[in-house]
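Right, one structure below, let's go through it.
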Amino acid sequence: MRPVAILQHEANQGPGYLSEFLQQQGIPTETFRPALGEAPPRRAQDFSGLVVLGSNHSVNDDLDWIAAEQALVKDALAHDVPVLGHCFGAQLLAKSCGARVSRNAWPNIGWSKLWVTPDARALFCGRSQTTVFNWHYDSFEIPQGARRCLFGTHCLNKGFTLGKHVALQCHLEVTEESVRAWCLESRHELAHVHGPAVQSEAEILRDLGARTDDLHRMARGVYHQWSLGLRRASVVRAKLYW
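To convert, note that position 57 of the sequence shown is 57 in full-length UniProt numbering; the numbers rise steadily by one, no gaps.
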């Protein structure tokens, strides 16, 4: 089986729980760090899937590595290679599909309740609502032909599906350790950014273990459904518990 390509952009924003899930399923991965100077792959069809993680940058920034990643995502779309986007990655998938990405009305930082659209509940373990972790300033329009799967109070378009492709304007991959690291690194930001969808560090870290455990139960279902597009028979037969 060809590996899943993972595009990582920040040192402390790795694949986290997604990496654990893929390893448990025996799905190989290869990580690229274009924002840190590594060249991204040119051909999506060399991989069984493509994961694009978060970034401190906007997809609208005029940077060579962002343009190269967008070309790779477009190649994945053209060759039916499943794409999974988290936050920046979701925005890049939307932009690659021709949708507009722009500043959201409010920053979204911390934990928030989202609602699952009725036709997407199978993707989210049958849930009609769920609590996720967020850290973003921009948002996307829903691309033509795609279907909204998540929406929130302070950001309407929190996720969409387009065939085998899944875009999530949130972070299902975070772990206790990564959330603590983000808060530590971003204390100045948290002290100066305000809004109805922005939590303090104390609020973010409250009941962190229970929150990430619940997040991962839901994420496992999402990742499983996405992984079915990789055409790996053993993944289809895998027993899941959430």
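A virtual CB, placed ideally from N, CA and C, is assigned to each residue, including glycine. In this text the structure is predicted, and so the values were computed from the model without any measurement.
Residue range of the unbroken alpha helix (DSSP H) whose run includes residue i
i	result
GLU177	176–185
ASP213	208–227
LEU156	Careful: LEU156 lies outside any alpha helix (DSSP H) and carries neither H nor E.
ALA76	64–78
LEU205	201–205
Straight-line Cα distance separating residue j from residue i
i	j	result
LEU205	ASP214	14 Å
ALA191	ARG2	44 Å
LYS164	ALA120	13 Å
VAL174	MET218	12 Å
GLU30	VAL116	31 Å
ASN157	GLU38	31 Å
LEU77	ALA122	23 Å
TRP242	ILE6	At TRP242, the pLDDT of 47 sits below 50, so the modelled position is not reliable; the number obtained from the coordinates is stated separately. Each residue's Cα considered, the two are about 25 Å apart.
ASN134	GLY152	11 Å
ASP64	PRO34	9 Å
ALA238	PRO15	At ALA238 the pLDDT is 45, less than 50, meaning the model places this residue with poor confidence; the figure from the coordinates comes in the next sentence. The alpha-carbon atoms of ALA238 and PRO15 are separated by roughly 21 Å.
ALA105	LEU168	18 Å
Contact set for residue i: own chain, Cβ-Cβ below 7 Å, skip 5 residues either direction
i	result
LEU92	VAL52, VAL59, GLU69, GLN70, VAL73, GLY85
TRP226	PRO82, LEU84, VAL166
ASN56	GLU10
ASN12	SER178, ALA181, TRP182, GLU185
HIS216	TYR17
CYS149	VAL116, THR117, ALA120, LEU123, GLY159, PHE160, THR161
ASP46	ARG2
Cutoff 6 Å; reference residue i; Cβ partners in own chain excluding five residues on either side
i	result
HIS136	CYS87, ASN108
ALA146	PHE160, LEU162
LEU22	THR29
LYS95	VAL59, VAL101
GLY89	VAL52, LEU53
Residues near residue i in its chain [Cβ-Cβ closer than 8 Å; skip 5 each side]
i	result
LEU230	MET1, VAL4, ILE27, SER48, GLY49, PRO82
ARG180	LEU205, LEU208
SER234	With a pLDDT of 44 at SER234, under the threshold of 50, the modelled position of this residue cannot be trusted; read the value that follows with caution. GLN25, GLY26, listed in sequence order.
GLU203	GLY110, TRP111
GLU176	LEU208, GLY209, THR212
THR131	TRP111, SER112, LYS113, LEU114, ARG211, ASP214, LEU215
Boundaries (first-last residue) of the beta strand (DSSP E) holding residue i
i	result
ASP138	129–140
GLY152	147–152
PHE160	159–162
LEU93	Careful: LEU93 lies outside any beta strand (DSSP E), inside the alpha helix (DSSP H) at 88–96.
PRO107	101–116
HIS165	165–168
VAL36	Here residue 36 turns out to be Leu, not Val, going by the sequence shown. Here LEU36 belongs to no beta strand (DSSP E), and DSSP marks it neither H nor E.
VAL52	49–52
Exercise for the section: Indicate whether the contact test is met: 3 or more Cβ pairs, each with one atom in the segment 126–138 and one in the segment 71–84, closer than 8 Å. Expected result: No: the two stretches stay apart, fewer than three of their Cβ pairs being nearer than 8 Å.
Handout entry: the segment 40–56 touching the segment 195–202, judged by at least three CB pairs closer than 8 Å
Key = no
Handout entry: Segment contact flag, the segment 135–155 with the segment 90–105, C-beta cutoff 8 Å, min 3 pairs
Key = yes
Exercise for the section: Write down every uninterrupted run of the beta strand (DSSP E) in the segment 3–31 whose length is 3 residues or greater and which is fully enclosed by it, in chain order. Expected result: 4–7
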